[in-house]
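Counting along the sequence shown from 1, when you hit position 212 you're at 193 in our numbering, and nothing is skipped either side.
Think of the CB as a built atom: it goes at the ideal place given N, C-alpha and C, for glycine as much as any other residue.
Take a look at the structure below.
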Amino acid sequence: MHLMLLYRIDRKIVCKGAMKMEKQKKALWKKWWFWVIIVVVLFVIIGSAGGSDKDKENDKDVQSTATDAASGQDNTEAKDVDGKQEDEQEKKQTEKQEEKDSYGPGEPAEMKGVTVTMEGVTENEGKEYNEPTEGNVFLLCEFTIDNQSDKELTVSSMISFDAYVDSYAVNQSLTGLMADDSKKQLDGTVAPGKKMNGVIAYEVPKDWSEFEVNFEPDIWSGKKLTFIYQK
């Protein structure tokens, strides 16, 4: 009797333990925390993939920025090179002008923003009661003055010019100026950006061969532009 009771009790205990173990084995996937772990793992995987894409995009942005910076630097360097080349060209032109001692008819000469051009030289026999001395002629020298400086330019036919015929100094002739009424005398002021055209006159021997006239844009500078006309 006792043995039978013990057997039944042991059997119940064994059966309950087996059933309990079986329930534990089957209940694992039903636990809420199991699915929480699964969801967390999925988020980690997705986050890693997204982070990788963002890193790639950031790398592309960095590369693009670096490329733009390099391009900008290249453009700046190119502009600097172009600017230096232009400065060198201007310097060469200035040096050429400084090397040139004299200018002929139609050749513009520039100094401090003022461009002067000898348009031509003509002989004139004068008119009745307004003639040169026997054996002489009037020389009418026409100039165009272009003031591209930022200051007003004062031009005086008596002060701004001096002339030589065959290396001899000659003075201006007021009588010669009246020989051609169509020409204006080179006297007055030239505003910045404006021009002046007119003539200066000299009385010279008929057998002259070379005429030289100097123009001084700024009487205080001591520098002159020299023009030479050969007969």
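query = Thinking C-beta only, is residue 134 closer than 8 Å to residue 183?
reply = no
Under the three-state DSSP convention, the category residue 213 falls into = The requested residue 213 is not part of the displayed model; the chain covers only -18 to 212.
query = Do residue 83 and residue 209 have their C-beta atoms within less than 8 Å of each other?
reply = yes
inquiry  = residue 104 and residue 145 - do their beta-carbons sit closer together than 8 Å?
reply    = no
message = Could you check whether residue 171 and residue 177 sit closer than 8 Å to each other, using their CB atoms as the reference points?
response = yes
message = According to DSSP, simplified to helix, strand and coil, what is residue 106?
response = coil
query = Between residue 190 and residue 166, which are expected to be in contact by the criterion C-beta below 8 Å, what is the C-beta distance as a whole number of angstroms?
reply = Between residue 166 and residue 190 the Cβ distance is about 26 Å, and since that is not below 8 Å, they are no contact.
ask   = Does the Cβ of residue 98 have 16 or more other Cβ atoms within 10 Å, making it buried, or fewer, making it exposed?
value = buried
task = Mind checking which residues open and close the beta strand (DSSP E) that includes residue 169?
result = 169 to 171
ask   = Any idea which residues DSSP pairs residue 176 with across the strands?
value = 127
query = Would a check of beta-carbon distances place residue 113 closer than 8 Å to chain B?
reply = No chain B is present in this structure, which holds just one protein chain.
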